[in-house]
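To start, the structure itself, in structure tokens.
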Amino acid sequence: MTARDPGLQPERTLLAWLRTLLAMGVNDCLVIRAGWMGGHGSLTIAGALLFTMTVGLTFLALSRAIQLHTVSPTAPKCSLMSLASSACAITCTGGVWALIC
Amino acid sequence: VAALPQAEKALCCIAKGADTDALHALGFPRTWNMAVNEHWQKSGKDPDYRYSLANERTFLAWIRTALAILAGAILLHQVQTGIHPIRLSAIGSGCVAVISAAISMGAYHRWRSNEIAMRHDKSLPSAILIPFMSALVGLVGVGAAVVLLLHG
């Protein structure tokens, strides 16, 4: 297989990651807001923890972007993807808690 | 009794971390490959990376969709005024939020199945998520219409 110009593929992938993490951050803020407005301290703390998790995932996404841009464009490791989907599921759990409160 | 040797072979495959083709040949459905084979990312051959990256972006799009549904559920619960009984809207929003968690797990499974199929030059597996998603959006739409008609 001849070498291909990666073109804008890595950039589009990075932007997809950032959009996703932004959506996750918005949900974290909604959970924090629900805890704050409702006076549920533990829910507010849970929202803050969710936000911290999203920030951590952002660093992983950035290292993935660096890998795509400088090392080689390959498929991501399954650990990164399972982390991302678990983070989303955990955010959903926080959302359910906000709904119950 | 005839199934016993097959089950034994399958267990050997699982113990060795063999690829899913061997399991499929023994009659296991494709979707059974979750957590069977830890080294699937090394089996087969690397596909054209553009397809891998497109698969990654599709996964992210599913995750975003799940998050958007979740945000919709939380916002509905927070801004709803005058939808009675309030418990009903909380239960509805809660169900939608649980479904969005299921979508995020399904997104990972789908990404993994697509990646395995591409590594082995197979056609992509059928997507149960898509009709599921359409049904969910349809149900939410009908629910919203009912609420609007009753309370509008």
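Top to bottom, those sequences are chains A and B. Heads up: take any position in the first sequence, counting from 1, add 25, and you land on our numbering. Heads up: take any position in the second sequence, counting from 1, add 1447, and you land on our numbering. We treat Cβ as the ideally placed atom computed from N, Cα and C, and that holds for glycine.
Hey, out of the options, whose CA is closest to residue i's CA?
| i | options | result |
| --- | --- | --- |
| residue 1526 of chain B | A/115, A/98 and A/62 | A/62 |
| residue 1561 of chain B | A/73, A/100 and A/110 | A/100 |
| residue 125 of chain A | B/1587, B/1502, B/1537 and B/1573 | B/1537 |
| residue 49 of chain A | A/93, A/123, A/109 and A/122 | A/109 |
| residue 123 of chain A | A/107, A/46, A/70 and A/35 | A/70 |
| residue 1501 of chain B | A/94, A/95 and A/41 | A/41 |
| residue 75 of chain A | A/98, A/95, A/91 and A/111 | A/111 |
| residue 1516 of chain B | B/1569, B/1498, B/1570 and B/1541 | B/1541 |
| residue 1506 of chain B | A/116, A/107 and A/117 | A/107 |
| residue 1486 of chain B | A/102, A/118, A/120 and A/115 | A/102 |
| residue 93 of chain A | B/1508, B/1519 and B/1503 | B/1503 |
| residue 1588 of chain B | B/1494, B/1519 and B/1488 | B/1519 |
| residue 115 of chain A | A/31, A/58, A/105 and A/78 | A/78 |
| residue 1508 of chain B | B/1558, B/1535, B/1534 and B/1539 | B/1558 |
| residue 84 of chain A | A/47, A/120, A/33 and A/59 | A/47 |
| residue 1578 of chain B | B/1564, B/1553 and B/1521 | B/1553 |
| residue 1539 of chain B | B/1597, B/1590 and B/1493 | B/1590 |
List the whole-angstrom C-beta distance separating residue i from residue j, where the pair is believed to meet the contact cut-off of C-beta under 8 angstroms.
| i | j | result |
| --- | --- | --- |
| residue 113 of chain A | residue 1513 of chain B | 6 angstroms |
| residue 1523 of chain B | residue 1546 of chain B | With 8 angstroms as the limit, residue 1523 of chain B and residue 1546 of chain B do not qualify as a contact, their Cβ atoms being about 14 angstroms apart. |
| residue 72 of chain A | residue 56 of chain A | 4 angstroms |
| residue 1497 of chain B | residue 45 of chain A | About 20 angstroms; that fails the 8 angstroms criterion. |
| residue 1491 of chain B | residue 1556 of chain B | About 18 angstroms; that fails the 8 angstroms criterion. |
| residue 1550 of chain B | residue 1576 of chain B | 7 angstroms |
| residue 1548 of chain B | residue 118 of chain A | 7 angstroms |
In the stretch 1499-1587 of chain B, which residue ranges form an unbroken alpha helix (DSSP H) of at least 4 residues, counting only runs that do not cross its ends?
Runs of the alpha helix (DSSP H) inside the stretch 1499-1587 of chain B: 1533-1566.
Could you give the uninterrupted runs of the alpha helix (DSSP H) lying entirely in the stretch 61-94 of chain A, keeping only those of 4 residues or more?
Qualifying alpha helix (DSSP H) stretches, in chain order: 66-91.
Got a sec: which bits of the stretch 60-81 of chain A sit with their beta carbon under 7 angstroms from any beta carbon on chain B, in order along the chain?
Cβ proximity to chain B below 7 angstroms picks out nothing from the stretch 60-81 of chain A.
Could you list the residues in the stretch 42-60 of chain A with a C-beta less than 8 angstroms from some C-beta on chain B, going in chain order?
Closer than 8 angstroms at the C-beta level to chain B, one finds these residues of the stretch 42-60 of chain A: 42, 44, 45, 48, 49, 51, 52, 55, 56, 58 and 59.
Can you list, in chain order, the residues of the stretch 1531-1562 of chain B whose Cβ is nearer than 8 angstroms to any Cβ on chain A?
Against chain A - using a Cβ distance shorter than 8 angstroms - the residues of the stretch 1531-1562 of chain B are 1537, 1540, 1541, 1544, 1545, 1547, 1548, 1551, 1552, 1554, 1555, 1558, 1559 and 1562.
Where the stretch 113-125 of chain A meets chain B: residues whose CB sits under 8 angstroms from a CB there:
Going along the stretch 113-125 of chain A in chain order, one finds 113, 114, 116, 117, 118, 120, 121, 123, 124 and 125 with a Cβ nearer than 8 angstroms to chain B.
Using a Cβ cut-off of 8 angstroms, which residues of the stretch 1513-1526 of chain B contact any Cβ in chain A, in chain order?
From the stretch 1513-1526 of chain B, only 1513, 1514, 1515, 1517, 1518, 1520, 1521, 1522, 1524 and 1525 have a Cβ closer than 8 angstroms to chain A.
At a CB distance below 8 angstroms, what residues from the stretch 1574-1597 of chain B approach chain A? Give them in sequence order.
Residues: none.
Any chance you could list the alpha helix (DSSP H) runs of at least 4 consecutive residues sitting entirely within the stretch 31-58 of chain A, in chain order?
Listed in chain order, nothing qualifies, since the stretch 31-58 of chain A has no complete alpha helix (DSSP H) run of 4 or more residues.
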